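These protein sequences, in sequence, are chains A and B.
Going letter by letter, the first sequence gives residues 5 to 257 in our numbering.
Going letter by letter, the second sequence gives residues 5 to 257 in our numbering.
Protein chains: 2
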Amino acid sequence: MNKTVVKTLELLQLFITHEQLTLQEMVKLTKLPKTSVFRMIQSLVASGFLKKDGEAYELGLSLLQFGCLVAERLDVRKAALPIMKQLKEETNEAVNLVIKDGDEAIYVEKVETSEPVRVYTRVGRRAPLYAGACPRVLLAFMPSEEQKKYLDHVELIPIASKTIVDREQLKTVINEAKEKGYTVSHSELADYSSAVAVPIFNHEGKVVAGLSVVGPENRFQPSYIEQLVPQLKHAAEQISKALGFIGGKNVEL
Amino acid sequence: MNKTVVKTLELLQLFITHEQLTLQEMVKLTKLPKTSVFRMIQSLVASGFLKKDGEAYELGLSLLQFGCLVAERLDVRKAALPIMKQLKEETNEAVNLVIKDGDEAIYVEKVETSEPVRVYTRVGRRAPLYAGACPRVLLAFMPSEEQKKYLDHVELIPIASKTIVDREQLKTVINEAKEKGYTVSHSELADYSSAVAVPIFNHEGKVVAGLSVVGPENRFQPSYIEQLVPQLKHAAEQISKALGFIGGKNVEL
DNA sequence: CCTTTTGTTCCGAATAACGAAATAAATGTT
DNA sequence: AACATTTATTTCGTTATTCGGAACAAAAGG
């Protein structure tokens, strides 16, 4: 492995949370010597990953190009988008598609609603697997061994007011999800927002994505959720089928 | 500057044209020693910029995250999107937004049409400044000194059947664009597709983007173009105004 | 005018990258 | 089943490159 490269790309990660940064600021944040940071920046600028805007630096347009390529190449996304749009028409709620990336969930597609009260999620956003309906559905249906390992080691950090921080409670919720085939969250990732999520399986019967309907908490009463679940399940089935998943025999969970 | 980093990010660029690559293939393409390529890949994987999919490697989801951040942070894009949608409604043609990135133009936003015959452009796509209506409008309205330098050094490579490859012809077309305030292209970037483009100015009176309407060549007859131009100009004016551009005094061209 | 802050260049020391070659793993062939 | 072949991964001594303190430059502030 190449230390310099990894360090440089770590530096780039600062720009996830900071729109603009000067050399000075990066030095402070990384606690690396000024000269080293300077060199790294130079390299990133030369590659178009960073660009200088007056005093400060910001993310370069190369990243836009790469990002769009990734989005376009995602098979699940291709299969899901039309069905997501249809689901949005049926429910008139925002629909999200999330996939697993290591120990995190990442939002790869969204279909917005026209409702005045909306929940805003950004494509590319990351969340831990334990928080939020959609990430947790990925966790619930992952291979049990991997799941166990994750649950034993994960540190449960609160993100919003009702983020689950108790390991036992999390396990209970996961088991319920496996049983019922869906999971619900209220104010786990953002206050006053709720979601219902179901899993999407590929041709091998492995969960590859989570599909969710998101909206303001006050609208997501039990009766409404009961109504959403079959719609969600139907959509997820269609997507799973498009990915080559056959039948309901949920292979070894 | 940091050679290893630059080389590694160059390696990553291979994935712009190749969806998947094995170690072997990368070695062949780069002509670099196997061990070096191996190390670079490891570093990219560790940073989430690349991921292993069975035998081969492909772009990682980190890039999706970065790409979305870049898209979201672009001011022009924010200002333009609603007006682009409106323009699409008026014309029922695809609308593109392009900005300059070094010696290239990059598509940063698009609004698709519902027409059965469509021209497909991908967000994040790059094109040289001399080819296509939208890139060329950026070239036409850039500071004259910079423009001269570009025109003196650029190598005109044909991309589609009618790409302009004659320097004198290009200069003529650019002068016409400056005079008329818009430019037209037919089959310059892709065969059978045409576009009409106008410039967008920022608060300093500098061109920051090009706005274009794109469609199949057979539909883009002179009479139709004449009809599109005022609609485009009106939209571009609105966007420019939103960016703080005041009045028609086109500061030093 | 001097002080302070921020960016950039220099250069010797030390480390981290380099790449040939060996090894391992997987695949194909006789 | 044994062998050949292709592709991925590890090892290791050499050397080029990165490293980072310090000096320098440029701009901003007092």
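Even glycine gets a Cβ: it sits at the ideal position worked out from N, Cα and C.
On a predicted model such as this, the values are computed, not experimentally measured, just so you know.
Curious, which full-length alpha helix (DSSP H) runs of at least 4 residues does the stretch 96-154 of chain A contain?
137-144
Please determine, among B:Arg-81, B:Gln-90, B:Ala-75 and B:Arg-130, the residue with the shortest C-alpha to C-alpha distance to Gly-128 of chain A.
B:Ala-75
Any beta carbon of chain B sitting closer than 9 angstroms to that of Glu-51 of chain A?
Checking the sequence, you will find Ser at residue 51 of chain A rather than Glu. Ser-51 of chain A counts as touching chain B.
Which residues of chain B have a Cβ atom closer than 8 angstroms to the Cβ of Gln-69 of chain A, listed in chain order?
Ile-20, Gly-71, Ile-110, Gly-128, Arg-129 and Arg-130
Would you say Ile-163 of chain B lies against chain A (beta-carbon separation less than 9 angstroms)?
No, Ile-163 of chain B lies away from the interface with chain A (no Cβ there is under 9 angstroms from its Cβ).
How would you label Met-88 of chain B, buried or exposed, when you count the other beta carbons within 10 angstroms and need 16 or more for buried?
buried
What residue from A:Thr-125, A:Gly-64, A:Phe-145 and A:Ala-84 has the CA that sits closest to Lys-104 of chain A's CA?
Of the candidates A:Thr-125, A:Gly-64, A:Phe-145 and A:Ala-84, the one whose C-alpha sits nearest the C-alpha of Lys-104 of chain A is A:Phe-145.
On the three-pair Cβ rule with 8 angstroms, is the stretch 8-16 of chain B touching the stretch 43-59 of chain A?
yes
With 9 angstroms set as the bound, which would you pick, yes or no: does the beta-carbon of Ala-75 of chain B sit closer than that to a beta-carbon of chain A?
Output row for Ala-75 of chain B: interface = yes.
Pop quiz: Val-191 of chain B and Ala-164 of chain B are said to be a contact at Cβ under 8 angstroms. What is the actual Cβ separation, rounded to whole angstroms?
With the sequence shown as reference, residue 191 of chain B is identified as Ser, and Val is not the correct amino acid for it. 5 angstroms between Cβ atoms; contact.
Between which residues of its own chain and Ala-135 of chain B is the CB-CB distance below 6 angstroms, once the five residues before and five after are set aside?
Here the set comprises Ile-163, Thr-167, Glu-192 and Leu-193.
By DSSP's criteria, Phe-220 of chain A is part of a beta bridge. Which residues make up the other side?
The question names Phe, but residue 220 of chain A in the sequence shown is Pro. Paired residues: A:Ser-197.
Name, going along the chain, the residues of the stretch 149-178 of chain A whose beta-carbon falls closer than 8 angstroms to a beta-carbon of chain B.
none
Apply the 10 Å Cβ neighbour rule to Tyr-111 of chain B and answer buried if 16 or more other Cβ atoms are within range, or exposed otherwise.
buried
Which chain A residues sit within Cβ distance under 7 angstroms of Leu-36 of chain B?
Those within 7 angstroms of Leu-36 of chain B in chain A number zero; the least Cβ separation is about 13 angstroms.
Can you give the Cα-Cα distance for Gly-219 of chain B and Leu-68 of chain B, rounded to whole angstroms?
Rounded to whole angstroms, Gly-219 of chain B to Leu-68 of chain B spans 29 angstroms at the Cα level.
Secondary structure at Ser-191 of chain B, three-state DSSP: helix, strand or coil?
coil
Taking all protein chains shown into account, do 16 or more other C-beta atoms lie within 10 angstroms of the C-beta of Tyr-61 of chain A, making it buried, or fewer, making it exposed?
Buried, since its Cβ has 16 or more Cβ neighbours within 10 Å.
Using 9 angstroms as the threshold, is the C-beta distance between Glu-188 of chain B and Val-169 of chain B below it?
The amino acid occupying residue 188 of chain B in the given sequence is Val; Glu does not appear at that position. No, Cβ-Cβ distance for Val-188 of chain B and Val-169 of chain B is not below 9 angstroms.
What residues match up with Asp-57 of chain A in a beta bridge as DSSP calls it?
The bridge partners DSSP lists for Asp-57 of chain A are A:Ala-60.
What residues match up with Pro-203 of chain B in a beta bridge as DSSP calls it?
B:Gly-214
Using a beta-carbon distance below 9 angstroms, is Gly-106 of chain A in contact with chain B?
At least one chain B Cβ lies under 9 angstroms of Gly-106 of chain A.
What's the call for Asn-254 of chain A, buried or exposed, on a 16-neighbour Cβ count within 10 Å?
Note that Asn-254 of chain A has pLDDT 46, beneath the 50 cutoff, so the model's placement of it is unreliable and the number below is only indicative. Asn-254 of chain A is exposed by the Cβ-count criterion.
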